[in-house]
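Report on the structure given below.
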Amino acid sequence: MKVTKYPQSCLVLEKGGKCLIIDPGSLVSEKYLAADLPRPDAILITHEHSDHADPELIRALAGSDTPVIGNQSTADTLNNIITQVVQDGEAFEAA
Numbered sequence: 214m215k216v217t218k219y220p221q222s223c224l225v226l227e228k229g230g231k232c233l234i235i236d237p238g239s240l241v242s243e244k245y246l247a248a249d250l251p252r253p254d255a256i257l258i259t260h261e262h263s264d265h266a267d268p269e270l271i272r273a274l275a276g277s278d279t280p281v282i283g284n285q286s287t288a289d290t291l292n293n294i295i296t297q298v299v300q301d302g303e304a305f306e307a308a
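Everything in the sequence shown is counted per the working numbering, starting at 214 for the first residue and increasing by one.
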């Protein structure tokens, strides 16, 4: 597995040709464009704070077919960006 650290809490996990981006927030978008990051197979947002979730960057990374995963409060805050809501304690697979 390859793990790449970006500013603040953003991580890119790559394994077996798949890519998961975790928490692409405002501190990432201050230094990088979406094109600078690999094309994700899924995006995971841990919570709704801007340093973990930059809506414009997430939209640019996700396009129309990439799942964006987060909890209900994140989905409520980010207005239709989260495409898969997970509940506390729920197991799920991504990328």
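Every residue gets a Cβ at the ideal spot worked out from N, C-alpha and C, and that includes glycine.
Worksheet item: Under 8 Å between the Cβ atoms of M290 and P280?
Response: The residue labelled residue 290 in the question sits at position 77 within the sequence shown. The residue labelled residue 280 in the question sits at position 67 within the sequence shown. Here residue 290 is Thr; the residue named in the question, Met, does not match the sequence. Result no, Cβ atoms of T290 and P280 do not sit closer than 8 Å.
Practice prompt. Locate the beta strand (DSSP E) running through E306, then write down its first and last residues.
Written response: The count along the sequence shown starts at 1 and reaches residue 306 at position 93. Taken as a continuous stretch (DSSP letters only), E306 belongs to no beta strand (DSSP E), as it is neither H nor E.
Worksheet item: In three-state DSSP terms, what is A212?
Response: The displayed coordinates of the chain run from 214 to 308. Any statement about residue 212 would go beyond what the structure contains.
Worksheet item: Whose CA, out of H260, D236, K244, lies closest to the CA of P253?
Response: Working through the sequence shown from its first residue, we reach residue 253 at position 40. Closest option to P253, Cα to Cα, is D236.
Worksheet entry | Best match in Q285, L246, L257, D264 for proximity to A273 [C-alpha to C-alpha] | Looking up residue 273 in the sequence shown gives position 60. Among Q285, L246, L257, D264, the Cα nearest to that of A273 belongs to L246.
Worksheet item: Straight-line CA distance for L250 to L257?
Response: Position 37 of the sequence shown, counting from 1, holds the residue named residue 250. Position 44 of the sequence shown, counting from 1, holds the residue named residue 257. Approximately 15 Å, taken between the alpha carbons.
Worksheet item: If E303 and T287 are in contact, beta carbons under 8 Å, what's the gap, nearest whole angstrom?
Response: Residue mapping note: residue 303 aligns to position 90 of the sequence shown, counting from 1. Residue mapping note: residue 287 aligns to position 74 of the sequence shown, counting from 1. Rounded, the Cβ-Cβ distance is 14 Å, inconsistent with contact.
Practice prompt. Report the residue ranges of all alpha helix (DSSP H) runs contained in full by the segment 272-304; include only those spanning at least 4 residues, in chain order.
Written response: When DSSP assignments are scanned along the segment 272-304, the uninterrupted stretches of alpha helix (DSSP H) that are 4 or more residues long and fall wholly within it turn out to be 285-290.
Worksheet item: Would you say K231 and L224 are within 8 Å of each other, going by their C-beta atoms?
Response: Within the sequence shown, numbered from 1, the residue matching residue 231 stands at position 18. Within the sequence shown, numbered from 1, the residue matching residue 224 stands at position 11. No, Cβ-Cβ distance for K231 and L224 is not below 8 Å.
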